[in-house]
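Numbering (this note's numbering), first residue to last: 848 to 1215. Notes follow the structure.
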Ligand code: AMP
């Protein structure tokens, strides 16, 4: 089978690398001729909404998927009429709009932060009066890795937040004083089989994922998160990997957002799980049996953002699995990651300490 992937970033690249052992082949569609996925598959250079290039992609593959969320939904709806396309377009459409997403979470009984839609400065004043401070103003669409967000601490911030983001549909969310951030990655195949990874604990720096570790052991929260994902699977008749990011507060999960795709917080599954999220996504969309999500140990993944150590430096540390995405370095760009798999949480945390030394000195703190 040949898989078409819309987008040729690192997620597409890791999908292809997971798919070759299964005999799968890959064609990417990406506007950039040197996107890092193109190093490991055929590629069509074109805009995501270019009908001709999409047609060309549909013509040469058996099934289509996407590796990021900002693909125009109309584009995908058209292409889905020609070739099987997973995850379903309606899941993507919901994830593209924070208001739709949170409304759906609420309808399904999935807890979210308090929120209000904001379309004017008056709305923002009203939202702040109603939900209080601190809070976060976010663009409903096209925000990721902390972009398109403004944190409000006092009423004086209202004007500045509006100046920074006003003019597009927004959402104001009450700030959740969470104790941790976790993510749940689950997968449902086109045959209806499901599997779930253990919860992953995540810390962020400047809104970008910094460090993930698994398993985050909490049976109650694991069960709750799996229940939430099952509701979403049912809602969308879902096929593929689905990720939901949660805040943990007072022993409860509060859903922040969902991503209908493989996820950065699941990169550790490549070495840390019997079957990686990438392989399971491919198995799911090809109608193959899903693989075990059992852990191979206590795992941590460190992202290299804006700076990547040399392979020589990274590989000097015993047990480090080093991933260089083959990208040009640029500030804020995800360039690679490293994973460690250890026998105990203590050994894992020790390995993380060493791994953090691979980062430039100013960025060596594992805090959010
Ligand atoms: P997002 O782009 O929505 O995933 O937000 C990026 C990061 O901002 C999250 O991982 C949290 O660390 C933080 N954040 C977003 N929304 C909230 C919220 N309502 N309360 C507290 N922190 C938040």
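Ideal Cβ placement from N, Cα and C applies to all residues, glycine included. A quick note: this is a predicted structure, and the numbers were derived from the prediction, not measured.
Enumerate in chain order the residues of its own chain whose CB-to-CB distance from residue i is below 7 angstroms, with the five nearest sequence positions on each side excluded.
i: residue 1123; result: 865, 1116 and 1117
i: residue 1022; result: 981, 982 and 983
i: residue 953; result: 959
i: residue 908; result: 849, 850, 851, 874 and 930
i: residue 922; result: 895, 896 and 901
i: residue 1062; result: 1045, 1046 and 1142
i: residue 857; result: 883, 1172 and 1181
i: residue 985; result: 945, 995, 996, 1017, 1018 and 1020
i: residue 1071; result: 1100
i: residue 1156; result: 1205
Three-state secondary structure (DSSP) at residue i?
i: residue 1214; result: At residue 1214 the pLDDT is 37, less than 50, meaning the model places this residue with poor confidence and gives no usable figure here.
i: residue 1038; result: coil
i: residue 975; result: helix
i: residue 1074; result: helix
i: residue 1129; result: helix
i: residue 1103; result: strand
i: residue 1019; result: strand
i: residue 1139; result: coil
i: residue 921; result: helix
i: residue 1005; result: helix
i: residue 896; result: coil
i: residue 1049; result: strand
i: residue 1031; result: strand
i: residue 1043; result: strand
i: residue 932; result: strand
i: residue 1026; result: coil
i: residue 1208; result: helix
i: residue 989; result: coil
i: residue 1014; result: coil
i: residue 1082; result: helix
i: residue 970; result: helix
Start and end of the beta strand (DSSP E) containing residue i?
i: residue 1110; result: Unbroken run through residue 1110: none, as it is neither H nor E.
i: residue 1087; result: 1087-1096
i: residue 1120; result: Element bounds for residue 1120: n/a, residue is neither H nor E.
i: residue 998; result: 996-999
i: residue 1155; result: Where residue 1155 is concerned, there is no enclosing beta strand (DSSP E), given that its DSSP letter is neither H nor E.
i: residue 962; result: 962-965
i: residue 1189; result: 1181-1189
i: residue 876; result: 872-877
i: residue 1144; result: Element bounds for residue 1144: n/a, residue is neither H nor E.
i: residue 1177; result: That residue, residue 1177, is in no beta strand (DSSP E); it is neither H nor E in DSSP.
i: residue 1171; result: 1168-1171
i: residue 1195; result: It is not in any beta strand (DSSP E) - residue 1195 instead sits in the alpha helix (DSSP H) that spans 1192-1203.
i: residue 850; result: 849-853
Output needed for residue i: all residues of its chain with C-beta closer than 6 angstroms, excluding positions within five of it in sequence on either side, in chain order.
i: residue 1140; result: 1042, 1044 and 1120
i: residue 1216; result: This structure leaves residue 1216 out entirely; the chain is present only between 848 and 1215.
i: residue 1036; result: 1131 and 1137
i: residue 1033; result: 1043, 1076 and 1089
i: residue 1215; result: Note on residue 1215: pLDDT 32, under 50, position unreliable in the model; no value is reported.
i: residue 1008; result: 984, 997 and 999
Give every residue of the same chain whose Cβ lies closer than 8 angstroms to the Cβ of residue i, excluding the five residues on either side of it in the sequence, and list them in chain order.
i: residue 994; result: 1054
i: residue 1085; result: 934, 935, 938, 1035, 1079 and 1107
i: residue 1211; result: Only weak support exists for where residue 1211 lies, its pLDDT of 43 falling under 50; the coordinates are left without a value.
i: residue 905; result: 851, 911, 926, 929 and 930
i: residue 855; result: 875, 876, 877, 879, 882, 883, 884, 885, 888, 890 and 914
i: residue 1213; result: Because residue 1213 carries a pLDDT of 43, less than 50, the predicted location of this residue cannot be relied on, and the following value inherits that uncertainty. So the list reads 1050, 1057, 1058, 1199 and 1203, once near-sequence residues are dropped.
i: residue 1000; result: 980 and 981
i: residue 1192; result: 1145
i: residue 942; result: 916, 948, 1104, 1105, 1106 and 1107
i: residue 1158; result: 1169 and 1171
Which stretch, first to last residue, makes up the alpha helix (DSSP H) that contains residue i?
i: residue 911; result: Here residue 911 belongs to no alpha helix (DSSP H); instead the beta strand (DSSP E) covers 910-913.
i: residue 890; result: Note, residue 890: premise wrong, no alpha helix (DSSP H); beta strand (DSSP E) at 889-892.
i: residue 1055; result: Counting along the chain, residue 1055 falls outside any alpha helix (DSSP H), though it belongs to the beta strand (DSSP E) covering 1055-1061.
i: residue 984; result: Per DSSP, residue 984 belongs to no alpha helix (DSSP H); it is in the beta strand (DSSP E), 982-986.
i: residue 952; result: 945-954
i: residue 857; result: 857-866
i: residue 938; result: 936-942
Cβ contact check for the stretch 1080-1098 and the stretch 1013-1029: 3 or more pairs under 8 angstroms: Result yes; three or more Cβ-Cβ pairs closer than 8 angstroms.
At least three beta-carbon pairs within less than 8 angstroms, the stretch 882-898 to the stretch 1145-1152: With the cut-off at 8 angstroms, the stretch 882-898 and the stretch 1145-1152 do not touch.
Any 3 or more C-beta pairs closer than 8 angstroms across the stretch 1150-1157 and the stretch 1182-1190: Cβ pair count under 8 angstroms is three or more, so yes.
Segment contact, 8 angstroms Cβ cut-off, at least three pairs: the stretch 1156-1176 with the stretch 961-981: Taking a cut-off of 8 angstroms for Cβ pairs, the stretch 1156-1176 and the stretch 961-981 do not touch, as fewer than three such pairs fall below it.
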